[in-house]
Amino acid sequence: MLDFAVWLSETEWSIALHESLYLYPWIESTHVLSICLFFGTLLFVDLRLTDKVFNNLSISEMNRKVLPLTVFGFLVMSVTGLLLFYAIPVRNYQNIFFRIKMILIVVAGINAFFFHRRMSKEAKVWDKDSSIPRSMKNSAITSLVLWSLVIISGRMIAYNWFDCDRQPQPRWINELTSCEVDYSLFEGIDGF
Amino acid sequence: MVSKELLDIFYILEDTFIGEYVRSSIWLFPVIESFHLIGLGILGGSVVIMDFKLMNLIFRGTNKIYILEQTKNFFIFGLSLLIFTGVPLFLSEAVKCYYSQAFWIKMIGLVIGVLFVYFVRNPLIVKKEGTILILIGFVSFSIWTVVAASGRWIGFS
Chain Z
27 MLDFAVWLSE TEWSIALHES LYLYPWIEST HVLSICLFFG TLLFVDLRLT
77 DKVFNNLSIS EMNRKVLPLT VFGFLVMSVT GLLLFYAIPV RNYQNIFFRI
127 KMILIVVAGI NAFFFHRRMS KEAKVWDKDS SIPRSMKNSA ITSLVLWSLV
177 IISGRMIAYN WFDCDRQPQP RWINELTSCE VDYSLFEGID GF
Chain E
81 MVSKELLDIF YILEDTFIGE YVRSSIWLFP VIESFHLIGL GILGGSVVIM
131 DFKLMNLIFR GTNKIYILEQ TKNFFIFGLS LLIFTGVPLF LSEAVKCYYS
181 QAFWIKMIGL VIGVLFVYFV RNPLIVKKEG TILILIGFVS FSIWTVVAAS
231 GRWIGFS
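Chains as they are written, first to last, in my numbering: chain Z, 27 to 218; chain E, 81 to 237.
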């Protein structure tokens, strides 16, 4: 995987993107705007399931009207996110917060998959008797917490508290982030 | 745009206890920044839902005043979180902000956006019908898009 990231970093477009004066900031701004669209609309979809907002609208109706915006936000967020990764692949790949973010996205994705699978089957029943199962409410809250953590960890990627080129740093960090380190250089330093 | 008096004030603001405290911590700025982004998301959600409704892009057939009632508290909460987190971020690098064009665009956009929402958009949602509301929704959405995008550009200054 590291070899792949290194290969990506050496491609012409990756270098151009990384060194561009305006394109990279524009992509990052679009990434932030799409996060707002995605998270902001998801907030209403999830809170509808907890009966906190839009109680006059059925769950099916709420999903039909708002979810397309959430999906659109997610798609733009994913494309711009991939481009941001492509611009600096090695550093991102070896960044602890990037890895945490990816794990959180996978967990949030699994939660969303089961959440929407059940919702698509049962939403019409909930529309009629207006009793949403407790587990669905919990899943909605879990979704919001997970995506908030994704935003927080994503923001942290920009900071280099832990970076492969900032040595010495704890071995467990190096191992978690696939840093290739020659420890013989740090002999005599506490902890190495 | 350089005004000696204003710049002096920004220096004083940067030297305040909060500014010093945030600056001296390696993790505080990023953590506050993360919650700033979450605040932006909450405000963004309320703006998108209300303004897209006004532009007839979503919630066709749903009462616009009902949408306003459902989104207005999220707007207030998102805005409060933005201000609550934005102030310490600003104080920690006030002088940098002073020289940042993006910062001034964001601040002017923020003031215009808040005034527009409370003195133009929300009152007209209650009083008016028809095409004017499409324009109102478009203007409001555009202002808030500029605020969000220019905020990100402060970091690139």
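Glycine included, every Cβ here is placed at the ideal spot set by N, Cα and C.
- A straight-line Cα-Cα distance of about 25 Å links Phe196(E) and Gly99(Z).
- Here Phe155(E) is buried, its C-beta having at least 16 other C-beta atoms within 10 Å.
- Straight-line spacing of the CA atoms in Gly210(E) and Ile216(E) works out to 11 Å.
- The DSSP assignment places 174-178, 181-196 and 202-207 as complete runs of the alpha helix (DSSP H) inside the region 157-228 of chain E, in order along the chain (cut-off: 4 residues).
- Thr67(Z) places its beta carbon 8 Å or farther from that of Ile98(E).
- Excluding sequence positions up to five before and after Lys176(E), its CB lies less than 6 Å from no other CB in the same chain.
- Listed along the chain, the chain Z residues whose CB falls inside 7 Å of the CB of Leu169(E) amount to none; the nearest CB is some 12 Å away.
- Interface criterion met: the Cβ of Pro51(Z) is under 8 Å from a Cβ in chain E.
- Not flagged as an interface residue toward chain E: Thr203(Z), since no C-beta distance is shorter than 8 Å.
- For Thr203(Z), there is no enclosing alpha helix (DSSP H), as DSSP marks it with neither H nor E.
- Residues of chain E whose Cβ lies closer than 8 Å to the Cβ of Met182(Z) are, in chain order, Pro110 and Ser114.
- In terms of Cα proximity to Leu69(Z), the closest of Lys163(Z), Cys190(Z) and Val207(Z) is Lys163(Z).
- Taking 8 Å as the CB threshold, Phe70(Z) lines the interface with chain E.
- For Ser169(Z) against Met103(Z), the beta-carbon gap comes to about 15 Å, at or over 8 Å, which does not count as contact.
- The C-beta of Gln150(E) comes closer than 8 Å to at least one C-beta of chain Z.
- Its chain contains Ser165 as the residues whose beta carbon lies nearer than 6 Å to that of Phe141(Z), once the 5 sequence neighbours on both sides are disregarded; these appear in chain order.
- Assigned with DSSP and collapsed to three states, Phe30(Z) falls in helix.
- Contact between the region 114-125 of chain Z and the region 185-194 of chain Z is present, with at least three C-beta pairs closer than 8 Å.
- Annotation for Ser55(Z): the continuous alpha helix (DSSP H) segment containing it runs Leu49 to Leu75.
- Excluding five sequence positions before and after Gly124(E), the CB atoms of its chain that fall closer than 8 Å to its own CB belong to Gly158, Trp224 and Ala228, given in chain order.
- Exposure of Phe30(Z) is indicated by the presence of fewer than 16 other C-beta atoms within 10 angstroms of its C-beta.
- Within chain E, the residues placing a beta-carbon under 8 Å from that of Asn82(Z) are Tyr146, ordered along the chain.
- Chain order gives the chain E residues near Ile61(Z) as Leu117, Leu120, Gly121 and Gly124, where near means a beta carbon separation below 9 Å.
- For Phe65(Z) and Leu130(Z), the gap between their C-alpha atoms comes out near 15 Å.
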